[in-house]
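Quick notes on the structure that follows.
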Amino acid sequence: MEGENASMAVTGTIDLRSSSSVDLTDEVHQLPCCIKYDGPSPVSHYFKPKSTGIEVDGLSVKEAYFRGRKLQGTTVPLPDGYSGFVIGRKSSAKRKACDGDATPASWQMNAKFQNITLWNHDNLPSKEDAFLRAFHWFDVAKAVSFGSIL
Numbered sequence: 110m111e112g113e114n115a116s117m118a119v120t121g122t123i124d125l126r127s128s129s130s131v132d133l134t135d136e137v138h139q140l141p142c143c144i145k146y147d148g149p150s151p152v153s154h155y156f157k158p159k160s161t162g163i164e165v166d167g168l169s170v171k172e173a174y175f176r177g178r179k180l181q182g183t184t185v186p187l188p189d190g191y192s193g194f195v196i197g198r199k200s201s202a203k204r205k206a207c208d209g210d211a212t213p214a215s216w217q218m219n220a221k222f223q224n225i226t227l228w229n230h231d232n233l234p235s236k237e238d239a240f241l242r243a244f245h246w247f248d249v250a251k252a253v254s255f256g257s258i259l
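Counting from 110, one number per residue, gives the positions in the sequence shown under our numbering.
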């Protein structure tokens, strides 16, 4: 059983040292839907968030429409010391290793961001939203020291 899981493991590298990466701060959105399309789209022509002037739980509420449905959201900064990255495969020819397997995947940073706009369909944004509550785990991870356990 352990051997089966080990053979399914994927290894690779991610290079975050790009000096030419795009800054997407204020342009990253987490939508409450699945979009089954991967390609260019004139999003900025149709998706136009605007401030509502409403504040809930200290969060400034924005409003937008996506495919005719009203969305309500808020822009939140990533926790101190953290950044978001958009990564993509490095464009290099696939090579084979000595054992016949493909070499480990290699990824590079294409863009970075410091905040994200979270959207809901039917609810105003709140500090109780699951996505925002997940940010608390960053503090827990910092507080836990596995070095003293091992």
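Where is the CB? At the ideal position from N, CA and C, for every residue including glycine.
Beta-carbon gap between residue i and residue j smaller than 8 Å
i	j	result
G197	W216	yes
N219	S130	yes
F156	Y191	no
G185	L241	Reading off the sequence shown, one finds Val at residue 185, where the question assumed Gly. Cβ atoms of V185 and L241: closer than 8 Å.
H313	L168	Look at the range of the chain in this structure, 110 to 259, and you will see that residue 313 is not part of it.
A214	V119	yes
S235	D166	yes
Backbone CA spacing between residue i and residue j [nearest angstrom]
i	j	result
V137	T226	6 Å
L140	K199	27 Å
N249	F194	Correcting the residue type first, residue 249 is Val in the shown sequence and not Asn. Near 22 Å, if we compare the C-alpha coordinates of F194 and V249.
D189	K251	12 Å
T212	S127	22 Å
D132	F222	6 Å
D238	S153	26 Å
R176	T122	37 Å
C207	A173	Its pLDDT being 47, under 50, C207 is placed unreliably by the model, and nothing is read from it.
V253	H245	13 Å
P158	D124	33 Å
K205	D147	Model confidence at K205 stands at a pLDDT of 46, short of 50, so the residue's coordinates are unreliable and nothing is read from them.
K145	P151	16 Å
R178	L187	27 Å
Whole-Å CB distance - residue i paired with residue j, under 8 Å assumed
i	j	result
K171	G182	5 Å
Boundaries of the alpha helix (DSSP H) in which residue i is found, first to last residue
i	result
D124	Per DSSP, D124 belongs to no alpha helix (DSSP H); it is in the beta strand (DSSP E), G121 to D124.
Y155	V152 to Y155
L241	A239 to A243
Boundaries (first-last residue) of the beta strand (DSSP E) holding residue i
i	result
P186	R178 to P186
Which full runs of the beta strand (DSSP E) of 3+ residues lie inside the stretch 129 to 176, going along the chain?
159 to 165 and 168 to 175
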